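Chains as they are written, first to last, in UniProt numbering: chain A, 1 to 373; chain B, 1 to 239. Below is one structure, written out as structure tokens; the observations come after it.
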Amino acid sequence: MTDHPYKSLPDKAFWRRSVARPAFSAVDPVGEFSLKIEKDTKVATAGSCFAQHVARHLAQSGFNYFVVEEGHPILRGPVRAAHNYGTFSARYGNIYTARQLRQLMDRAYGRFTPAEAAWTDPDGTVRDPFRPTIQPGNFASVAEMEVDRAQHFAAVRRMFEELDVFVFTLGLTECWESLEDGAVFPLCPGVEGGDFDPAKYAFRNQGVAEIVEDMNAFIEALRAVNPTAQMIVTVSPVPLMATATEGAHVLSATTYSKSVLRVAADMLTQQHDFVHYFPSFEIITGPHARGAYYADDLRNVTEAGVNHVMRLLLKHATGTIVEAPEDKASTKAAPVKAADRPATAPDADEDDSLAAARAFVEVECDEAALDRS
Amino acid sequence: MTKSKLLILGNSHSEALPRDPIDGYDLEIHWLKTKDNAKFGTMTLPEAREKAASLTANDTLVLMHLGALHNIYGLLNHDVPYGVLLDDGTRVGPEDAQIIPVSSIRAVFQNKFESDKVVPAIKEATRAQVVHVMPPPPKEEIPERFRNKGGDYHGRGIAEFGFAPADLRLALWRIEESALSSFLGKLGIMHYAAPAETLTATGFLAPDFYANDATHANAAFGKQLMDAIVRLSKSRAYI
Numbered sequence: 001m002t003d004h005p006y007k008s009l010p011d012k013a014f015w016r017r018s019v020a021r022p023a024f025s026a027v028d029p030v031g032e033f034s035l036k037i038e039k040d041t042k043v044a045t046a047g048s049c050f051a052q053h054v055a056r057h058l059a060q061s062g063f064n065y066f067v068v069e070e071g072h073p074i075l076r077g078p079v080r081a082a083h084n085y086g087t088f089s090a091r092y093g094n095i096y097t098a099r100q101l102r103q104l105m106d107r108a109y110g111r112f113t114p115a116e117a118a119w120t121d122p123d124g125t126v127r128d129p130f131r132p133t134i135q136p137g138n139f140a141s142v143a144e145m146e147v148d149r150a151q152h153f154a155a156v157r158r159m160f161e162e163l164d165v166f167v168f169t170l171g172l173t174e175c176w177e178s179l180e181d182g183a184v185f186p187l188c189p190g191v192e193g194g195d196f197d198p199a200k201y202a203f204r205n206q207g208v209a210e211i212v213e214d215m216n217a218f219i220e221a222l223r224a225v226n227p228t229a230q231m232i233v234t235v236s237p238v239p240l241m242a243t244a245t246e247g248a249h250v251l252s253a254t255t256y257s258k259s260v261l262r263v264a265a266d267m268l269t270q271q272h273d274f275v276h277y278f279p280s281f282e283i284i285t286g287p288h289a290r291g292a293y294y295a296d297d298l299r300n301v302t303e304a305g306v307n308h309v310m311r312l313l314l315k316h317a318t319g320t321i322v323e324a325p326e327d328k329a330s331t332k333a334a335p336v337k338a339a340d341r342p343a344t345a346p347d348a349d350e351d352d353s354l355a356a357a358r359a360f361v362e363v364e365c366d367e368a369a370l371d372r373s
Numbered sequence: 001m002t003k004s005k006l007l008i009l010g011n012s013h014s015e016a017l018p019r020d021p022i023d024g025y026d027l028e029i030h031w032l033k034t035k036d037n038a039k040f041g042t043m044t045l046p047e048a049r050e051k052a053a054s055l056t057a058n059d060t061l062v063l064m065h066l067g068a069l070h071n072i073y074g075l076l077n078h079d080v081p082y083g084v085l086l087d088d089g090t091r092v093g094p095e096d097a098q099i100i101p102v103s104s105i106r107a108v109f110q111n112k113f114e115s116d117k118v119v120p121a122i123k124e125a126t127r128a129q130v131v132h133v134m135p136p137p138p139k140e141e142i143p144e145r146f147r148n149k150g151g152d153y154h155g156r157g158i159a160e161f162g163f164a165p166a167d168l169r170l171a172l173w174r175i176e177e178s179a180l181s182s183f184l185g186k187l188g189i190m191h192y193a194a195p196a197e198t199l200t201a202t203g204f205l206a207p208d209f210y211a212n213d214a215t216h217a218n219a220a221f222g223k224q225l226m227d228a229i230v231r232l233s234k235s236r237a238y239i
């Protein structure tokens, strides 16, 4: 019997042994993952909707989820979460594309200022075109939006400069850009604010080379301000909500988009030893799961799917072994907001400043009964 | 001629209202005791609901319960200084403070209003027309002597915090007023803020109407407020 290269390969190299045979929650497609995260490692997150799950689980798992834009302490409970503080490390909202990430870096450091003006809703309130859903109720004025944006960029700079590990989930290849200066938007103008004008905006579907170029530009800028920063790159398993590719079916467009992102991610890991790929895409979409990790809408990921991803991330990056949950086929989508302390009682979320103010006001109110004149 | 009833279910701010008889009205004023451990108060919520239920559609019920959040959030300087931007772009609050978007502060207030059980319970219990009156706007100048009153809170005296800048206190009162008006509107309750004649040109409580503390108005304000309440009741403007 002749010898051959496959004879010495580990089980993970074989489909039947590592994908078809194990219980689906036990499938572990992580080949090699050399990055180690300690309890005090500052882990920052950005990306598409799926990245919100990573952020939420990191926060809940006792790791140092690095949040630089937590919102003022008076914004507690459901308001804090609803206003997107803590959803990601800074309040940038979803960053779907590599171009958007590169643009965030360049804008935060003043190297690029898009020409696009603020978007004004019919009620006179104002949206940031580059974070159009970040502020429920919108900003009261352009000036308020600009002040908030300046505070946001200061937080983003701090995040890039102080983080240890940056987790970025590549979500989409399709985006809309300004014809004036190439600035890209997270949402097509007109969908959530703004007015769509074909003379001002154009559709762009990024290819592998463009994504790798954008990511490399970002990585170079990140390492320039933080030479020891490490990166984890993942690909979101969440399919496209809709495609604007002419004549395309959304399923084919999703396959294209995810394929391009997956190839780009691999190229980045080959080019940089500090960029690590984590296969959350494979964990959710692989045949072993038989689609069970998708909710009823066949798009959002269930909590069981997110748990599988996070269990493997914690195992490989931290050495923490978390028991696999039962293979319950829940079709409920995982929540997409960062965990937050619920407001169990009206006064339960007060800090010292508010408690002192309340005590002072209550004393004054009591005194009003004694001091009636 | 049958008199209409004017029932006022108030709080510490209703102590400034006159108790004198009013032509055409049977006036009753109570301080709602909304917490079991409250030191003051003359009527519990179940008693208030019962009283409210006894009113007819020709009567007027005035609630003075919500609207003090601007003081909780903004009377004293916060450990993490913050400010807001006014519509004209003016920055109010401590210098270099973090600016919080107005809609975020408004959401904090709305969230608190929505957890209130008193106002909906009273409204649901009565057929009378219901008006809610907010605490008076802030005082531009708060006498220094009030900084040292009241002892320590969490081991820190009021002087250590200090009173917040007047323009921020007024901005918060206005945000709360707007949020409260919207909240009450959904419940079918009219919102009333303060008699115009008791305010300065910039919207603060005028010094002639200061009570002897940092947050309350005096009996002269109470007289003006009662006149306004009676005018509203007679005009039924809020129906």
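Ideal Cβ positions, reconstructed from N, Cα and C, are used throughout, including at glycine. Note that this is a predicted model, so its numbers are computed, not measured.
Residue 177 of chain A bridges to which residues according to DSSP? Position 177 of the first sequence holds residue 177 of chain A. A:184, A:202, per the DSSP bridge assignment.
Got a sec? Which residues, its chain only, sit under 7 Å from residue 196 of chain A by beta carbon, not counting five neighbours each side? Stepping through the first sequence from its first residue, residue 196 of chain A is reached at position 196. Hits under 7 Å: 188, 189, 190.
Checking the sheet assignment: what are the DSSP bridge partners for residue 127 of chain A? Residue mapping note: residue 127 of chain A aligns to position 127 of the first sequence, counting from 1. Answer is A:119, bridged to residue 127 of chain A.
Taking just the CA atoms, how far does residue 216 of chain B sit from residue 42 of chain A? The residue labelled residue 42 of chain A in the question sits at position 42 within the first sequence. The residue labelled residue 216 of chain B in the question sits at position 216 within the second sequence. Approximately 48 Å, taken between the alpha carbons.
Could you give the first and the last residue of the continuous alpha helix (DSSP H) run that contains residue 112 of chain B? For this step, residue 112 of chain B is matched to residue 112 along the second sequence. Note, residue 112 of chain B: alpha helix (DSSP H), 102-114.
For residue 15 of chain A, count neighbouring Cβ atoms within 10 angstroms of its own Cβ and tell me buried if that reaches 16, exposed if not. In the first sequence, counting from the first residue as 1, residue 15 of chain A sits at position 15. So residue 15 of chain A counts as exposed.
Please list, in chain order, the chain B residues whose beta carbon lies closer than 8 Å to that of residue 428 of chain A. With chain A represented from 1 up to 373, any question about residue 428 of chain A goes unanswered, as that position is not in the structure.
Taking buried to mean at least 16 other C-beta atoms within 10 Å of its own C-beta, is residue 2 of chain A buried or exposed? Indexing the first sequence from 1 puts residue 2 of chain A at position 2. It is exposed - the Cβ of residue 2 of chain A has fewer than 16 other Cβ atoms within 10 Å.
Segments of 3+ residues assigned as beta strand (DSSP E) that fall wholly inside the stretch 115-181 of chain B: 129-133
Residues bridged to residue 293 of chain A [DSSP beta-bridge criterion]: Stepping through the first sequence from its first residue, residue 293 of chain A is reached at position 293. None; residue 293 of chain A has no bridge partner.
Would you grab the beta carbon distance between residue 247 of chain B and residue 198 of chain B for me? Rounded to a whole angstrom, and I think it's under 8 Å. A query on residue 247 of chain B cannot be resolved here, the shown segment of chain B reaching from 1 to 239 and no further.
Could you run through the stretch 101-117 of chain B and flag, in chain order, every residue whose CB is less than 7 Å away from some CB of chain A? 101, 102, 103, 104, 106, 107, 108, 111, 112, 115
Is the stretch 151-169 of chain A touching the stretch 135-143 of chain A, taking contact as three or more C-beta pairs under 8 Å? no
Would you mind stating whether residue 88 of chain A and residue 133 of chain A have Cβ atoms separated by less than 9 Å? Here residue 88 of chain A refers to the residue found at position 88 when the first sequence is read from its first residue. Here residue 133 of chain A refers to the residue found at position 133 when the first sequence is read from its first residue. Cβ distance not < 9 Å, so residue 88 of chain A and residue 133 of chain A don't count as in contact.
Which residues of chain A have a Cβ atom closer than 8 Å to the Cβ of residue 87 of chain B, listed in chain order? As a first step, residue 87 of chain B must be located in the second sequence, where it is residue number 87. Those within 8 Å of residue 87 of chain B in chain A are 140, 141.
Look up residue 70 of chain B in the DSSP assignment and say whether it is helix, strand or coil. By one-based count along the second sequence, residue 70 of chain B stands at place 70. Helix at residue 70 of chain B.
Residue environment, residue 7 of chain A, which counts as buried when at least 16 other CB atoms sit within 10 Å: The residue given as residue 7 of chain A occupies position 7 in the first sequence. So residue 7 of chain A counts as exposed.
According to DSSP, residues forming a beta bridge with residue 83 of chain B: On the second sequence, position 83 is the one that residue 83 of chain B refers to. Bridge partners of residue 83 of chain B: B:99.
Across which residues does DSSP place residue 217 of chain B in a beta bridge pair? Numbered from 1 along the second sequence, position 217 holds the residue referred to as residue 217 of chain B. DSSP output for residue 217 of chain B lists B:210 as bridge partner(s).
With 9 Å set as the bound, which would you pick, yes or no: does the beta-carbon of residue 353 of chain A sit closer than that to a beta-carbon of chain B? In the first sequence, the residue the question calls residue 353 of chain A occupies position 353. Answer yes: the Cβ-Cβ gap between residue 353 of chain A and chain B drops below 9 Å somewhere.
Check whether the Cβ of residue 72 of chain B lies closer than 9 Å to any Cβ atom in chain A. Along the second sequence, one-based indexing puts residue 72 of chain B at 72. Yes, residue 72 of chain B lies at the interface with chain A (some Cβ there is under 9 Å from its Cβ).
Apart from the five residues on each side of it in sequence, which residues of its chain come closer than 8 Å, Cβ to Cβ, to residue 213 of chain A? Translated into the one-based positions of the first sequence, residue 213 of chain A becomes position 213. Within the same chain, residue 213 of chain A has no close Cβ partners at all.
Flag this pair as touching only if the stretch 60-77 of chain A and the stretch 281-291 of chain A have three or more C-beta atom pairs under 8 Å; answer yes or no. no
Looking only at its own chain, which residues have a Cβ that is under 7 Å from the Cβ of residue 167 of chain B, when we skip the five neighbours before and after it? Counted from its first residue, the second sequence places residue 167 of chain B at position 167. 92, listed in sequence order.
For the putative contact between residue 172 of chain A and residue 353 of chain A, defined by C-beta atoms under 8 Å, what is the C-beta separation to the nearest angstrom? For this step, residue 172 of chain A is matched to residue 172 along the first sequence. For this step, residue 353 of chain A is matched to residue 353 along the first sequence. Between residue 353 of chain A and residue 172 of chain A the Cβ distance is about 42 Å, and since that is not below 8 Å, they are no contact.
Using beta-carbon positions only, say whether residue 70 of chain B and residue 165 of chain B come within less than 9 Å of one another. Counting from one through the second sequence, the residue named residue 70 of chain B turns up at place 70. Counting from one through the second sequence, the residue named residue 165 of chain B turns up at place 165. No, these two residues do not count as a Cβ contact at 9 Å.
Quick one: list the residues of chain A neighbouring residue 78 of chain B, beta-carbon separation under 9 Å, in chain order. Position 78 of the second sequence holds residue 78 of chain B. Going along chain A in sequence order, the residues near residue 78 of chain B (Cβ under 9 Å) are 72, 73, 74, 351, 353, 354, 357.
Name the DSSP beta bridge partners of residue 30 of chain B, please? On the second sequence, position 30 is the one that residue 30 of chain B refers to. DSSP output for residue 30 of chain B lists B:9 as bridge partner(s).
With the cut-off set at 9 Å, would you say residue 229 of chain A and residue 160 of chain A are in Cβ contact? Stepping through the first sequence from its first residue, residue 229 of chain A is reached at position 229. Stepping through the first sequence from its first residue, residue 160 of chain A is reached at position 160. Closer than 9 Å, so yes.
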